[in-house]
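For the record, in the sequence shown the residue sitting at position 280 is 280 according to the UniProt record's numbering, with numbers rising by one throughout. Where is the CB? At the ideal position from N, CA and C, for every residue including glycine. Since the structure comes first, as structure tokens, the remarks are kept for the end.
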Amino acid sequence: MPLPQHIIQGNRLQALYGHGGIGTTSAVLAHAQFQPQTPANDKKRKSTDFSQADQSSPWRSATRPSLQDRISKPTAALSLDEPLSAKSKFQKQAEKRQRRFDGGYKSTYRSPSPPPTAGPVVGTCTDLEKRYLRLTAAPKPSMVRPEQILHQTLDLLKKKWRKDQNYNYICDQFKSMRQDLTVQRIRNDFTVSVYEIHARIALEKGDLGEYNQCQTQLRALYGMGLKGSPVEFKAYRILYFIHTANRTALNDAIADLTPADKEERAIKHALSVRSALALGNYHKFFQLYLDVPNMGAYLMDMFVKRERLAALANICKAYKPDLKLRYITEELAFEHDAEAAQFIIDHNGQHLLEERDDTIVFLAGKAMGLFDTARSEAFRRVDLKGQI
1 MPLPQHIIQG NRLQALYGHG GIGTTSAVLA HAQFQPQTPA NDKKRKSTDF SQADQSSPWR
61 SATRPSLQDR ISKPTAALSL DEPLSAKSKF QKQAEKRQRR FDGGYKSTYR SPSPPPTAGP
121 VVGTCTDLEK RYLRLTAAPK PSMVRPEQIL HQTLDLLKKK WRKDQNYNYI CDQFKSMRQD
181 LTVQRIRNDF TVSVYEIHAR IALEKGDLGE YNQCQTQLRA LYGMGLKGSP VEFKAYRILY
241 FIHTANRTAL NDAIADLTPA DKEERAIKHA LSVRSALALG NYHKFFQLYL DVPNMGAYLM
301 DMFVKRERLA ALANICKAYK PDLKLRYITE ELAFEHDAEA AQFIIDHNGQ HLLEERDDTI
361 VFLAGKAMGL FDTARSEAFR RVDLKGQI
């Protein structure tokens with residue numbers, strides 16, 4: 001009996017040669033008997049199979065297209081130099097890349113500014129008054145006042161300060177003057193005068209930031225041997241570091257003093273203040289506070305409050321149960337009893353004041369804890385505004 005595959009093949013031949021005159025069944029069987037049989041266990045192809053297949057397989061004939069010809073559009077190679085179709089998902093990336101390389105790309109890089117000129121600027125501005133503006137580029141000569149104009153400006157500002165006392169305006173004008181001096185590299189006695197006047201005005205108004213900037217520049221100018229008031233400002237420098245509690249800077253300032261400097265009244269006073277505070281001698285300290293040379297009182301005003309709290313805490317420990325308010329007024333350098341009483345009330349001590357026999361008494365025994373706490377709080381932090 002024929003195998004199933006032979007039957008299928010016979011049916012195909014019958015359909016093909018159905019009218020050829022040869023018995024279909026016998027023809028099929030005869031065709032099936034003469035088909036080459038492949039060994040069942042031969043699963044590997046041999047090198048000869050490839051050569052035979054090349055000769056007999058119609059798909060390997062020369063008339064068939066080669067593998068290269070079957071590639072879709074083999075001559076249409078993609079190129080970044082040619083625009084892509086609108087449907088391509090890489091269109092935007094290719095256009096951006098093309099713009100970057102053909103000069104259409106706009107870089108955000110800014111070329112460095114040209115180096116400044118080697119010499120100082122020589123101003124040509126003739127305006128006596130000019131607002132202070134922070135420099136963001138090289139200064140223009142037309143916006144800078146020369147030294148002879150600055151002399152006239154200083155005279156004008158001194159008159160306006162005596163008349164109007166407008167600190168915001170004066171400070172702005174002095175900063176503008178200092179800027180003009182700096183960009184022109186003017187370092188002479190006139191420069192010292194400008195910085196000294198500005199420093200004194202800043203002290204008077206309690207502006208430690210501007211004062212400290214002037215003080216720093218004055219120290220460098222005095223080091224150049226220029227004329228001015230170095231003794232006055234060395235004394236201020238000592239008091240300033242006492243206020244800021246900067247012991248390292250204070251020791252450096254004292255080390256810079258010469259024997260001749262230590263004989264000057266202003267510096268002797270500042271050193272005595274330091275000694276009195278180091279020894280805890282509040283009696284001596286407040287005597288020095290009442291007799292301060294130059295404008296040192298403005299600096300001492302900045303730390304006298306904390307020293308009064310420290311002295312009052314010591315008084316509460318030493319004088320029990322009470323003492324007259326007049327004693328506190330004299331010891332702590334208040335102008336009158338009302339000021340001393342207000343100082344105590346401002347620190348929540350109104351219950352510690354009593355009136356007896358036409359005099360006011362301070363209950364020192366009950367106030368010790370209150371003023372100990374106030375003293376600790378006062379010495380906890382110091383305003384270092386303008387510290388450089």
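By the Cβ neighbour-count rule, L288 is buried, with 16 or more other Cβ atoms within 10 Å of its own. Comparing C-alpha distances from A338 to each of G349, E331 and L325 shows the shortest one belongs to L325. In terms of CA proximity to Y236, Q215 leads the group R162, G228, Q215 and K159. Residues of the same chain with a CB within less than 8 Å of the CB of P321, apart from the 5 flanking positions on each side, are L363, A364, G365 and K366 in chain order. Scanning its chain for C-beta atoms nearer than 6 Å, with the 5 sequence neighbours on each side dropped, one finds no residue around R97. The residue from S275, T248, I238 and P230 with its alpha-carbon nearest to that of A260 is P230. Close CB contacts of T359 within its chain, under the 7 Å cut and outside five residues either way in sequence, are with K324 (chain order). No residue range can be given for F379, since it is assigned to no alpha helix (DSSP H) and is classified by DSSP as neither H nor E. The shortest C-alpha to C-alpha distance from K317 to any of D291, R131, Q91 and F371 is the one to F371.
According to the DSSP secondary-structure assignment, E355 is paired through a beta bridge with I360. Taking a 10 Å sphere around the C-beta of I238, we find 16 or more other C-beta atoms and assign the residue as buried.
For S176, the enclosing alpha helix (DSSP H) stretches over residues Y167 to V183. A Cβ-Cβ distance of about 17 Å is found for the pair A276 and R375, leaving them out of contact under the 8 Å criterion. In the assembly as shown, H243 is a buried residue. Its beta-carbon has 16 or more other beta-carbons within 10 Å.
With respect to the C-alpha of E335, the residue from I315, L290, V361 and M302 having the closest C-alpha is L290. Straight through space, the alpha carbons of E204 and L135 are spaced by roughly 28 Å. K160 has no beta-bridge partner at all, per DSSP.
For A311, the enclosing alpha helix (DSSP H) starts and ends at V304 to A318. Residues L332 of the same chain have their beta carbon placed closer than 6 Å to that of R308, with the five preceding and five following residues left out of the count.
S142 sits close to T124, with the two beta carbons spaced by under 8 Å. Excluding five sequence positions before and after A341, the CB atoms of its chain that fall closer than 7 Å to its own CB belong to L325, L353 and I360, given in chain order. Secondary structure note for Q350: it is in no alpha helix (DSSP H), with a DSSP letter that is neither H nor E. Annotation: the continuous alpha helix (DSSP H) that includes K268 extends over R265 to L279.
For G228 against E196, the beta-carbon gap comes to about 6 Å, under 8 Å, which counts as contact.
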